[in-house]
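J.: In my numbering, the protein residues as written are 1352 to 1609.
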């Protein structure tokens, strides 16, 4: 949902435990693989055949941080690998031990960020809570994840706007999320979508993502965690109120007759 427990999870490849670790940073999230059935093979990051050592993970994370900083300062197109490696104090060739290209690095970061947002946004979908509470809590968790990744998302926007292949990759990730949430709407107790679950999922995902992104760019996002969290709660209430009639039509109709 905007990406938003009794039944087993529908996507076992995701680490749902991450949704409970609010203070975890991007660099502590080791990029999980998306479900194979929805992976776009031609766009997939290069990956490594062997796990990284702790030192290797530190170097990889330093390269990612440096790259995002370069994207923010110079833009994706003008950022150079030699600038990225110089920023984090490693040799030029070190970059290519971890990534095939700038594009490969961006895809890896996109996987981490969008997996985290979606995992938060569906954390309550299988809970025993009333559907209205599930919707609110899922929107709230999604907004908090967007806020946590704000700087990274802004840097990614520079890359996606300049590279059509990255734009296509992002669209594939977003489509995958729509399909997964449609399956939740179709099969999970409490959800009674008002129309085709795919179309409902498309509408809910689009609304949640667009509102979150506009909030991150608005004057109402201050960078003060307490103030921003209060705004996130208010926005989550609005989103839940708007989306509940389309994801849980039966409950909405029942409440209106009381």
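Backbone N, C-alpha and C define an ideal beta-carbon position, used for all residues, glycine too. Owing to the predicted nature of the structure, the values given are computational and were not obtained by experimental measurement.
What do you get for residue 1428, buried or exposed, if any count of 16 or more other CB atoms within 10 angstroms of its CB means buried?
T.: With fewer than 16 Cβ atoms within 10 Å of its Cβ, residue 1428 is classed as exposed.
J.: With a 10 Å radius around its C-beta and 16 neighbouring C-beta atoms as the bar for buried, classify residue 1453 as buried or exposed.
T.: Burial call: buried.
J.: If you draw a straight line from the alpha carbon of residue 1498 to that of residue 1567, how long is it in whole angstroms?
T.: Approximately 7 Å between the Cα atoms of the pair.
J.: Do residue 1532 and residue 1552 have their C-beta atoms within less than 8 Å of each other?
T.: Yes, the pair counts as a contact, with Cβ atoms nearer than the cut-off.
J.: Is residue 1573 helix, strand or coil by DSSP?
T.: Residue state, collapsed to three classes: coil.
J.: If we call anything under 8 Å between Cβ atoms a contact, is residue 1507 one with residue 1461?
T.: For residue 1507 and residue 1461, yes; Cβs fall inside 8 Å.
J.: Helix, strand or coil for residue 1503, going by three-state DSSP, please let me know.
T.: DSSP places residue 1503 in helix when its eight states are reduced to three.
J.: Between the stretch 1479-1492 and the stretch 1512-1522, do three or more beta carbon pairs fall short of 8 Å?
T.: Flag = no, the stretch 1479-1492 and the stretch 1512-1522 do not touch.
J.: How far does the alpha helix (DSSP H) with residue 1567 in it reach, from first residue to last?
T.: It spans 1548-1568 - the alpha helix (DSSP H) in which residue 1567 sits, taken as one unbroken run.
J.: Can you tell me which of 1554, 1502, 1421 and 1472 puts its alpha carbon nearest to the alpha carbon of residue 1574?
T.: Of the listed residues, the one whose Cα sits closest to residue 1574 is 1502.
J.: State the beta-bridge partners of residue 1599 as determined by DSSP.
T.: BP columns for residue 1599 point to 1543.
J.: Quick check: what's the CA-CA separation for residue 1587 versus residue 1488?
T.: So the two alpha carbons sit approximately 8 Å from each other.
J.: Tell me which same chain residues have a C-beta within less than 7 Å of the C-beta of residue 1476, skipping the five on either side of it?
T.: Once the five neighbours on either side are set aside, the close Cβ partners of residue 1476 are 1355, 1485, 1489, 1535 and 1539.
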